[in-house]
Amino acid sequence: MLFIDATVEVMLVTANARGARAVLVGELDDNPGTTVTNALEGLAESVRRELLDGDPNFELYEFVPKGLPKLQPTFYRIEWRGEPGHFSMPEWQVVDPGSDPWLRDLRSEVMEKGYTAQTLIAERKLEVIDSRRRDDLPIAS
């Protein structure tokens, strides 16, 4: 689990169906802050910095329990349309988890209902990471 100005579940895999490293981020029902969708650029940068040793080469997927357009569980693949090497100008592509073997396998890891940090902490052994820099924390002096 990763803390930015949002609380999200982050799942990593070494390779997806296309042979690239991939990351799935999940929008939790009890996220007290910014939505994953609105925090995506900062979240991608935090994943790169905190979890992938600075490597920006990964594919990013997002899971939303009530995703558009039908307000049902939806997976999106994020395409970055901004300047190369920067996480900017994201574009969301709806992905059928059955069409991507990596997502098909992870489908059972996310929850359509009750997808909360408290539920995940109770059911799984999670590593909790606060990706905010120490100087940005409210307790910093």
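Converting from the sequence shown to our numbering requires adding 13 to each position, the first position being numbered 1. We put the CB at the ideal spot given by N, CA and C, even for glycine.
Which of the three DSSP states is assigned to residue i in this structure?
| i | result |
| --- | --- |
| residue 72 | strand |
| residue 37 | strand |
| residue 96 | coil |
| residue 60 | helix |
| residue 67 | coil |
| residue 55 | helix |
| residue 83 | coil |
| residue 78 | strand |
| residue 49 | coil |
For residue i versus residue j, is the C-beta spacing smaller than 8 Å?
| i | j | result |
| --- | --- | --- |
| residue 123 | residue 76 | yes |
| residue 69 | residue 98 | yes |
| residue 87 | residue 80 | yes |
| residue 115 | residue 103 | no |
| residue 65 | residue 91 | no |
Using a Cβ-Cβ cutoff of less than 6 Å, which residues in the same chain neighbour residue i once the five nearest sequence positions on both sides are dropped?
| i | result |
| --- | --- |
| residue 36 | 25, 60, 71, 73 |
| residue 105 | 89 |
| residue 117 | 110, 111 |
Going along the chain, which residues of its own chain have a beta-carbon closer than 7 Å to the beta-carbon of residue i, five neighbours each way excluded?
| i | result |
| --- | --- |
| residue 57 | 73, 100 |
| residue 120 | 110 |
Given residue i, which residues of its chain have a CB within under 8 Å of its CB, disregarding the five upstream and five downstream residues?
| i | result |
| --- | --- |
| residue 108 | 74, 88, 89, 90, 116 |
| residue 50 | 40, 75, 77, 105 |
| residue 82 | none |
#### Entry: Minimum length 3: unbroken beta strand (DSSP E) runs contained in the region 98 to 142
103 to 108
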